[in-house]
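K.L.:
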Amino acid sequence: MFVEEFICSITKKAPNDVFFLFESLNNLLQNSTEQVNAVTADLIDLELLHEIETIVKNGNTSVYFGKTLRDLKLMIEDEEFRKHEMFIQYKSPKKLIILSANLPLSSMQNLEFGCINEIIEIFKQHVNDLAKYFYELDNIDQCCTVMEPQNATYKDEYRRIFLDISQFPEPTSTVPGHLCSEADGAKLTTIVCGICLCTDLPEIPGLPLPLCQNSSCGVYYHRSCLYEWLVACAGNRPPAFGVATGACPTCLQPITCSKTDS
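Quick note on UniProt numbering: the sequence shown kicks off at 1 and runs consecutively.
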C-alpha cells in the first residue's frame, strides 16, 4: 500500500518522466535495505541462542551479552576457583572469533570457531595447561611487592618486584679454602641456610634448622633469616604475636616462624 501511494505521488509530480520514477524507486529501495540491515545487524541465529541456553543451564560456564547480541563474554573457573574471562564475537552462522582474553596470548586467538562449545573446550584446556603459571604468579603477587605492571593480571607475563637487601643478613663467612671429601661436603651442605647460604652468623647463635613443615622440602634455615624473609614478604608489617607466616622460600608451601625459639 505504501509503495502504491509513493508511485502515485511521484507520477503527479512528473507524469511523463519515467527516469525520475525509476530513480525515486531505487532510492526508496536503498533506504529500506539500510533500515533492514540496521535492525538485523545485532541479531544472531536461533541455533546459537539455543546453544547459549544449554550452556547456561549446565552451569559450567557463565555467558554474558555485551552491547549487542553479537558480543559475548565467557567466564570459567579453574580448579583453584580462579575466574578467567574471554570475549568473543559472532560474525555469521558457524563463524565466531575471539576478541580478547585475560590470558597470555596464544595461537587459538587467531582461529575461527563454529560454535561456542568448541571455544569453551579449547578455553578450558588452555587454562588447565597454565595451572602452574597461575600458581607461580599468585605466589609472586602475594609474597612480593610488585612494582610493575600496576593492577597485574594473568595476561601480564612479567612482574617487576621490589628487592631490599637490608631486609636480610649479609653473608660474612667464606667457603673453606681446603679441599674436602664428598662425605664432608655432604655434611656441610646439610647445615647451610637456604637464605643467607651460611652456616654461622655473627652475634646470632645457632645452626640452620629444618623449619619447613613440608617433609619433602629438606632445606635448612636460620630462624632469624626465615623470620626476616617472611616479614619482608608481608610488606614489613609486624606479625601478630611475634609469629611470621607466609610461603617457604624453596617449596612455597605454607610456613610459620617465630623470631625466638620459644
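The C-beta atom is built at its ideal place from N, Cα and C for all residues, glycine as well. All of these numbers come straight from a predicted model, not from anything done at the bench.
Find out if the Cβ-Cβ distance for the pair I195, C225 is shorter than 7 angstroms.
P.N.:
yes
K.L.:
If I measure Cβ to Cβ from P104 and keep anything under 6 angstroms in the same chain, skipping five residues before and after, which residues do I get?
P.N.:
E157
K.L.:
Could you spell out the range, first to last residue, of the beta strand (DSSP E) harbouring Y154?
P.N.:
Y154 -> no beta strand (DSSP E), and no H or E assigned at all.
K.L.:
Below 8 angstroms on the Cβ atoms is my guess for N102 versus Y154; work out the distance and round it to an integer in Å.
P.N.:
6 angstroms
K.L.:
The alpha helix (DSSP H) spanning L103 covers which residue range?
P.N.:
Where L103 is concerned, there is no enclosing alpha helix (DSSP H), given that its DSSP letter is neither H nor E.
K.L.:
Would you list, in sequence order, the uninterrupted alpha helix (DSSP H) runs of no fewer than 4 residues that lie entirely inside the UniProt domain "FANCL C-terminal" (190-259)?
P.N.:
223-233
K.L.:
Report back the beta-carbon spacing between D78 and A131 to the nearest angstrom; my notes put them in contact at under 8 angstroms.
P.N.:
7 angstroms
K.L.:
Please confirm whether Y221 and K259 have their CB atoms less than 7 angstroms apart.
P.N.:
no
K.L.:
Secondary structure at R160, three-state DSSP: helix, strand or coil?
P.N.:
strand
K.L.:
Roughly how many whole angstroms lie between the Cα atoms of I119 and Q125?
P.N.:
About 10 angstroms.
K.L.:
Taking all protein chains shown into account, do 16 or more other C-beta atoms lie within 10 angstroms of the C-beta of A240, making it buried, or fewer, making it exposed?
P.N.:
exposed
K.L.:
State buried or exposed for L201, treating a residue as buried only when at least 16 other CB atoms are found within 10 Å of its CB.
P.N.:
Burial call: buried.
K.L.:
Rounded to the nearest angstrom, what separates V192 and A244 at their Cα positions?
P.N.:
It is roughly 21 angstroms from the alpha-carbon of V192 to the alpha-carbon of A244.
K.L.:
Can you tell me the Cα-Cα spacing of L93 and D129, whole angstroms?
P.N.:
In the sequence on display, residue 93 carries Pro and not Leu. Straight across, the Cα-Cα distance linking P93 with D129 is about 30 angstroms.
K.L.:
Going by DSSP, what residues sit across from M86 in a beta bridge?
P.N.:
L74 and A101
K.L.:
Specify the secondary structure class of E112 as computed by DSSP and reduced to three states.
P.N.:
strand
K.L.:
How far does the beta strand (DSSP E) with F65 in it extend, from its first residue to its last?
P.N.:
S62 to F65
K.L.:
In whole angstroms, what separates the C-alpha of A247 from that of V231?
P.N.:
11 angstroms
K.L.:
Which of the three DSSP states is assigned to T96 in this structure?
P.N.:
This sequence places Leu at residue 96; Thr is not what is there. Secondary structure at L96: strand, using DSSP grouped into helix, strand and coil.
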